Amino acid sequence: MVIKDWLRTKTTRERDTMIKQARIARITVIFGCIMMVLACIILIIPPCFGYTTRYLTNLTDPGRPMLVQTYFLRDITETPYYELVITAQALSIIMAAISYTGIDTFLSFLVFHICAQLEILKERLLNLNSFKDFNTGLSFNIQDHLRLIRSIDVIDNTFNLMLLTLLVFFAMLFCLQGFLIVNIIDGTGENVSFMRVCWLVSILVNTFAHMCLYCVVGEVLIAKAEGIFYAVYNYAWYLRTPNEAKNLMLIMIRAEKPLYITAGRICPLTLSMFCSVSALNSLMCY
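Right under this line is the structure:
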């Protein structure tokens, strides 16, 4: 779909609209990658110089601490076992970061592309008079609208379970790490290193930003979809024949139903939902 939309013939204004949304998606990708790279650097680099980002225990950290806390079947503090294990953990962390950020930014890219197509459709509906035949132009726009609706359904079917899992993960992580950071600030935490505080804050900010990204993308999608409804409403339908006006009403009826991405088909991802979840998590932390 994305390739076809970029390759098909379009006006200069339509091309500029697509480029504008693509630039927003690119900025989102760059911002997400920078945040994840910083988190990986904080987790991987300092332990190599003896500055741990974890809470150390005698059970799982005999001698030289690892990047990730786990149990080992043998002594890995000796060379070259220590170097091999810490390299494997570093690679695993990097792969996990790439997977986490890649899926998020890919979802935002798809939704921003559809937002661009909805914006283009809105402009075409406002300028239906530019078509030589009204019914032909209206039929073309209706088919394009249905195509975009099906695309959103495909995206929602693909990502809704993942988004539900991430929403629950965000709520749990925000509560637990928020409570831990509050304890550290209050002075009740013991043996807390500066690097550990940096690590906790970076993870909290990363998770918060990615969850906010989902909700911002969902909010933008709803706004663009509502624009189709108002485009038909603002069109000079009263200058058309009764049959043509009725056909326009069909678009309004369908456009009145919002388009959104959901978390497990339970709740739409919007800024109001994000604020509600964040407020609830803050109350649970305190």
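Mind the numbering: the sequence shown is residues 703 to 988 in my numbering, read in order. All C-beta atoms, glycine included, are put in the ideal place defined by N, C-alpha and C. Source: prediction; values computed, not measured.
| Asked | Found |
| --- | --- |
| Nearest candidate by alpha-carbon position, reference I705, set L740, M738, N837 and L812 | L812 |
| Residue span of the alpha helix (DSSP H) that contains Y802, given as start and end | Y783 to L828 |
| Range of the contiguous alpha helix (DSSP H) that encloses A911 | F896 to N936 |
| Cutoff 8 Å: I743 Cβ touching any chain D Cβ | No chain D is part of this structure, which consists of one protein chain only. |
| Three-state secondary structure (DSSP) of T711 | coil |
| Closest by C-alpha distance to E928, when choosing among K824, D718 and Y784 | K824 |
| Three-state secondary structure (DSSP) of P970 | strand |
| Reference V739; option with closest CA among M768, G804 and F931 | G804 |
| CA nearest to the CA of L868, picked from P782, A818 and T909 | T909 |
| Assigned exposure category for N843 - 16 Cβ within 10 Å defines buried | buried |
| Exposure label - T807; buried when at least 16 CB within 10 Å | buried |
| Beta-carbon proximity of K959 to E821, cut-off 8 Å | no |
| P944 - containing alpha helix (DSSP H), residue span | P944 to A957 |
| Own chain residues within Cβ distance below 6 Å of T943, not counting five before or after | none |
| Whole-angstrom C-beta distance between L863 and G752, which should lie under 8 Å | With a Cβ gap of about 41 Å, G752 and L863 do not count as contacting. |
| Buried versus exposed call for S904 [16 or more other C-beta atoms within 10 Å across all chains shown] | buried |
| Enclosing alpha helix (DSSP H) for N837 [first to last residue] | F836 to D888 |
| DSSP beta-bridge partners of T964 | P970 |
| At least three beta-carbon pairs within less than 8 Å, the region 871-887 to the region 908-923 | yes |
| Stretch-stretch touch, CB-based, cutoff 8 Å, three pairs: the region 835-849 with the region 733-747 | no |
| Residue environment, F861, which counts as buried when at least 16 other CB atoms sit within 10 Å | buried |
| Beta carbon of W901 nearer than 8 Å to that of I744 | yes |
| For M737, the three-state DSSP class (helix, strand or coil) | helix |
| Beta-carbon spacing of T781, P767 below 8 Å | no |
| Rounded C-alpha distance that separates L786 from T779 | 10 Å |
| Simplified DSSP state of V770, which is helix, strand or coil | coil |
| Other residues of its chain near I924: CB distance less than 6 Å, five sequence neighbours each side excluded | P960 and Y962 |
| DSSP state of D833 mapped onto helix, strand, coil | It should be pointed out that residue 833 corresponds to Phe in this sequence rather than to Asp. Of the three classes helix, strand and coil, the one that applies to F833 here is coil, per DSSP. |
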